[in-house]
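*Asks:* By the working numbering, the letter at position 19 of the sequence shown is numbered 22, and the numbering carries on one by one without gaps.
Supplied in structure tokens, the structure appears directly below.
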Amino acid sequence: MKKEINTRAVIIRAFFIFVVFMLVGGYLAYIGV
Numbered sequence: 004m005k006k007e008i009n010t011r012a013v014i015i016r017a018f019f020i021f022v023v024f025m026l027v028g029g030y031l032a033y034i035g036v
């Protein structure tokens, strides 16, 4: 149970960070252009 919850939390955390990174990268690229 704990391992499954931890794995799920890690996946959600990684996905959230990835989305934020993409948004920030796209925003900076938009400003750069």
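Beta carbons: idealized from backbone N, C-alpha and C, even for Gly.
These figures come from a predicted structure and were not determined experimentally.
Grouping DSSP H, G and I as helix and E and B as strand, with all else coil, what is V36?
*Replies:* Note: V36 maps to coil in three-state DSSP.
*Asks:* Between the alpha carbons of I14 and I8, how many angstroms are there, rounded?
*Replies:* I14 and I8: Cα-Cα distance of roughly 10 Å.
*Asks:* Could you give the distance in angstroms between the alpha-carbon of I34 and the alpha-carbon of V22?
*Replies:* If I take the Cα positions, the gap works out to 18 Å.
*Asks:* Measuring straight from C-alpha to C-alpha, what distance separates G28 and K6?
*Replies:* Rounded to whole angstroms, G28 to K6 spans 32 Å at the Cα level.
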